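In my numbering, the protein residues as written are 91 to 181.
All residues carry an ideal CB built from backbone N, CA and C; glycine is no exception.
Here the structure is a predicted model, which means the values were calculated and not measured.
Encoded as structure tokens, the structure appears first; notes follow it.
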């Protein structure tokens, strides 16, 4: 029933994949906001509810007088394919 979500992998293999989540940090500590690590962890948890996550990179960028956060989320390609298959079956 849930093969589309978990595939045929063994549970230990799935758990290992989940534990390989890497949260990259910006090397320039002057560029990092005080709450950046907590925010990264929360974003990973939210995205993991829907798809597998390999890495999250959040950077503070300054463009003239404007400040912005750039968020890059690298998805686990296997789970993205499972999601695409599920979406196609619902059509």
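Tell me, please, which residues DSSP counts as bridged to residue 174.
DSSP output for residue 174 lists no bridge partner at all.
Take the Cβ of residue 142 as the centre, count every other Cβ of all protein chains shown within 10 Å, and call the residue buried at 16 or more, exposed below.
It counts as buried.
With residue 138 as the anchor, note down where its alpha helix (DSSP H) starts and where it stops.
Run containing residue 138: 126 to 138, per the alpha helix (DSSP H) assignment.
Going by C-alpha to C-alpha distance, which of 130, 125, 165 and 124 sits closest to residue 140?
Selected option, being the one with the closest Cα: 165.
Measuring straight from C-alpha to C-alpha, what distance separates residue 114 and residue 167?
Only weak support is given to the placement of residue 114: the predicted model assigns it a pLDDT of 42, under 50, and the value that follows is read from those uncertain coordinates. Their Cα atoms are separated by approximately 19 Å.
Quick one: what's residue 152 bridged to in DSSP?
Partner(s): 157.
For residue 146, does the count of other Cβ atoms within 10 angstroms reach 16, so buried, or fall short, so exposed?
That one is buried.
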